[in-house]
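Heads up, the thing below is written out as structure tokens.
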Amino acid sequence: MQVRLSPSIEQLIRSLQKLPGVGQKSAQRMALRLLGQRQQDAADIALAIGRALEAVRPCSRCRNLCEAEFCQICEDDGRDATALCVVASPLDLITIEHTGIFRGYYFVLQGLLSPIDGIGPDEIGLSELEKRLDESGLDEVILATDSTVEGAATAHFIAELAQQRGIRLTTLAQGVPMGGQLGAVDSITLGHALSGRKPYA
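In our numbering, the protein residues as written are -10 to 190.
Encoded structure:
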């Protein structure tokens, strides 16, 4: 016999399933644990999410998540202004920063092109990226998108924008598996891929 949960619990389970990598069983386990033994934890999590939603916004320059107009990386004048690394998400930015190798600036797309899901150039900020590409002094754009169909399509679109402006294009070297997501690659492998980056073809 199937156990019927209350509508509020079912709604919580459905909401938790929206998180990446969380299936029905995991969401059910989390919901029941939070509502049963960990009610204070649940209240703390709800409060933290509410505060973050109020305080966090995209950086006006690179679209990374921050709590001011510009993120810490964009405010760092000591970085290499000739290099721009284009990534799909803030997690990808963090992963690359952990390598300690790249010292340029970033542009965070906040997604990848996926017409089937209704995600086009406007949804990932390509008009804002074009403005960055028009700035003087930019010598290299590193395409650090996922090795997926969506990542390749996005990289191709950005490559055309950069080539129209005569900007050198590079992409990560070996080490990032086909079909893999950048945020799931360990920093040592990603560091080697970044150091050995090659011209975009």
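By construction, the Cβ of each residue, glycine as well, lies at the ideal position given by its N, Cα and C atoms.
- Taking a contact as a CB-CB distance under 8 Å, the pair Leu73 and Phe96 counts as one, their CB atoms being some 6 Å apart.
- Between Arg157 and the set Thr143, Glu139 and Pro188, the nearest pair of CA atoms involves Pro188.
- Taken atom to atom, the span from the alpha-carbon of Leu23 to that of Arg(-7) is near 18 Å.
- For Leu73, the pairing in a beta bridge is given by DSSP as Tyr94 and Val130.
- For Leu158, the uninterrupted beta strand (DSSP E) run begins and ends at Arg157 to Thr160, by DSSP.
- When beta bridges are read from the DSSP output, Ile108 appears opposite Ser103.
- In the DSSP annotation of this structure, the continuous segment of the alpha helix (DSSP H) that includes Gly140 starts and ends at Val138 to Gln153.
- Annotation: Thr143 to Gln152 spans about 14 Å, alpha carbon to alpha carbon.
- Distance from Leu101 to Glu139 at the Cβ level is roughly 4 Å; contact confirmed, criterion being Cβ atoms closer than 8 Å.
- The beta carbon of Ile(-2) sits closer than 8 Å to those of Ala20, Leu21 and Leu24, all from its chain and outside the five residues before and after it, given in chain order.
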